[in-house]
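Numbered according to my numbering, the sequence shown terminates at residue 328, and the numbering increases by one at each position without gaps.
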Amino acid sequence: MILTITLNPSIDRRYNIEDFERGKVYRPTEFQFTPGGKGLNVTRVIRDLGEMVLATGFLGGFSGNYIQRNLDEMQIKNDFLFINGETRSCLNIISRDGIQTEILEPGPLILDEDISKFYGLYEKLLDKYEVICASGSLPRGLDKNTYKSLIQKANEKGKKFILDTSGEALRLGIDAKPYLIKPNKEELERLVGLVITNENDIIRAVKPILKAECQVVVVSLGEEGALVFYENFIYRVIIPKIKAINPVGSGDSMIAGFAVSLVKNYEFKDMLKFATACGVANAMELETGKVSIDNIKRVISQISVERVNL
19 MILTITLNPS IDRRYNIEDF ERGKVYRPTE FQFTPGGKGL NVTRVIRDLG EMVLATGFLG
79 GFSGNYIQRN LDEMQIKNDF LFINGETRSC LNIISRDGIQ TEILEPGPLI LDEDISKFYG
139 LYEKLLDKYE VICASGSLPR GLDKNTYKSL IQKANEKGKK FILDTSGEAL RLGIDAKPYL
199 IKPNKEELER LVGLVITNEN DIIRAVKPIL KAECQVVVVS LGEEGALVFY ENFIYRVIIP
259 KIKAINPVGS GDSMIAGFAV SLVKNYEFKD MLKFATACGV ANAMELETGK VSIDNIKRVI
319 SQISVERVNL
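Right under this line is the structure:
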């Protein structure tokens, strides 16, 4: 079973606009509201893949009640800590040419008493789940070492922890030795303070992370696939060309694929193909954080994985 952690969830509001410019009034051709935040995208995809999952984190206010009600309607188990603040909203405006404009609210202020209560809840949940996925930004009030603390508690109980965040929260989290991290090229650049222009730059940036005993480092490269580092090998993952409808949430879908693969004890190459196929399948859907099993089956046979020595 899988536990997902979303400390800064949101209501994700997607608007499709013909030609978006500043200073004009628009009526969207399509729009959608969904429970969001990276961790909840992961949660929905795990549910789509047929695996048992429970979502936790912080919720508050009208938006928090909406998210919980929506999860209940989707029959997704959840155990959130409710706070006095209001859960945030995030806007994604997609123009006809596919360019995306995002407006991300910072999220509510988490009080010390809320943090203590959540750690208590987390300790109880850890005993029931094999794989822990923590995704997204930290809300105001949480220390940058929050993910580090969560990873340490999971490691003490022999659980595999997948961390998908960025910046200082990622840097500190790596110190606690998560099983897997998944930075994209830009996040990796910020993490190591290097400009990355080629594969050798990526290798140079990842080596210190591997020395910190993070077992799997997945560097996602968008349409170019991914470079994955594991046990002194580099795995080049090449994906097929597709017509992307909405790529938002593809990284989260990939994380879901990794989590499910770990629970099912897939061989490493099979895990890479399955997780990558989940990311590609998400881009083929209009809804964020959604995959079709049929699309995964079609795509996975077109994904190639090459292993070379590190």
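The beta-carbon is built from N, C-alpha and C at its ideal position, and this holds for glycine as well.
In this text the structure is predicted, and so the values were computed from the model without any measurement.
Is the Cβ-Cβ distance between arginine 31 and cysteine 108 less than 9 angstroms? Their beta carbons are under 9 angstroms apart, which means arginine 31 touches cysteine 108 by this criterion.
On a Cα-Cα basis, can you pick out the residue from Cys232, Cys151 and Ser113 that is closest to arginine 189? Cys232
Would you report the Cα separation of arginine 65 and alanine 262, rounded to the nearest angstrom? About 22 angstroms.
Between Gly191, Gly240 and Leu206, which has its C-alpha nearest lysine 225's C-alpha? Leu206
Taking C-beta to C-beta, are valine 278 and isoleucine 20 nearer than 9 angstroms? yes
Can you check the segment 257 to 314 for any alpha helix (DSSP H) of at least 4 residues that lies completely inside it and give the ranges in chain order? Segments of the alpha helix (DSSP H) lying fully in the segment 257 to 314: 268 to 281 and 286 to 301.
Can you tell me whether valine 63 is helix, strand or coil according to DSSP? Three-state result, valine 63: helix.
Only counting the same chain, and skipping five residues up and downstream in sequence, which positions put a Cβ closer than 6 angstroms to that of valine 326? Ile252
What residue from Ser271, Ser322, Tyr284 and Pro46 has the CA that sits closest to lysine 259's CA? Ser322
Can you tell me the Cα-Cα spacing of methionine 244 and threonine 52, whole angstroms? Per the sequence shown, residue 244 should be read as alanine rather than methionine. C-alpha separation (whole angstroms): 28 angstroms.
Cβ-based neighbour list, leucine 67, same chain, cut-off 6 angstroms, excluding 5 preceding and 5 following: In chain order, Val278 place their CB closer than 6 angstroms to the CB of leucine 67, counting only its own chain and leaving out the 5 sequence neighbours on each side.
Over the uninterrupted beta strand (DSSP E) stretch that includes isoleucine 101, give me the two end residues. Looking at the DSSP string, the run of the beta strand (DSSP E) that includes isoleucine 101 is 99 to 101.
Sub-9 angstroms separation of serine 81 and glutamate 48 beta-carbons: no
Only counting the same chain, and skipping five residues up and downstream in sequence, which positions put a Cβ closer than 8 angstroms to that of leucine 143? Leu21, Leu72, Thr74 and Asp97
Please report the residue range of the alpha helix (DSSP H) in which asparagine 327 lies. Looking at the DSSP string, asparagine 327 is not in any alpha helix (DSSP H); the run it does join, the beta strand (DSSP E), is 322 to 327.
Alpha helix (DSSP H) containing phenylalanine 136: first to last residue? Boundaries of the alpha helix (DSSP H) around phenylalanine 136: 130 to 144.
Can you tell which of Lys200, Lys171 and Val235 has the C-alpha that lies nearest to the C-alpha of threonine 183? Lys200
To the nearest angstrom, how far is the alpha carbon of asparagine 88 from that of isoleucine 273? 22 angstroms
Looking at the structure shown, is glutamate 123 part of a helix, part of a strand, or coil, going by DSSP? coil
Residue closest to arginine 316, alpha-carbon to alpha-carbon, out of Ile169, Thr294 and Arg62: Of the candidates Ile169, Thr294 and Arg62, the residue whose Cα lies closest to the Cα of arginine 316 is Thr294.
Might you give, ordered along the chain, the residues of its own chain that have their beta carbon closer than 7 angstroms to the beta carbon of leucine 209, omitting 5 neighbours on each side? Leu188, Arg189 and Pro201
Aspartate 30 - containing beta strand (DSSP E), residue span: 28 to 34
At which residues does the beta strand (DSSP E) containing isoleucine 112 begin and terminate? 106 to 112
With a 10 Å radius around its C-beta and 16 neighbouring C-beta atoms as the bar for buried, classify tyrosine 197 as buried or exposed. buried
So, leucine 77 versus threonine 164, is the Cβ gap smaller than 9 angstroms? no
How many angstroms separate the CA atom of arginine 18 from the CA atom of lysine 95? Only positions 19 to 328 of the chain appear in the structure, and residue 18 is not among them; the question remains open.
Tell me, which residues are paired with aspartate 182 by DSSP? Ser153
Give the secondary structure of leucine 25 by DSSP, where H, G and I count as helix, E and B as strand, and everything else as coil. coil
Taking its Cβ as the centre, do 16 or more other Cβ atoms sit within 10 Å of valine 213, making it buried, or is it exposed? exposed
Following the continuous alpha helix (DSSP H) through proline 226, name the residue where it begins and the one where it ends. 217 to 229
Between which two residues does the alpha helix (DSSP H) carrying glutamine 86 extend? 79 to 91
Around the C-beta of glutamate 303, are 16 or more other C-beta atoms found within 10 angstroms, so that it is buried, or is it exposed? buried
Is it true that the CB of aspartate 219 sits closer than 9 angstroms to the CB of lysine 175? no
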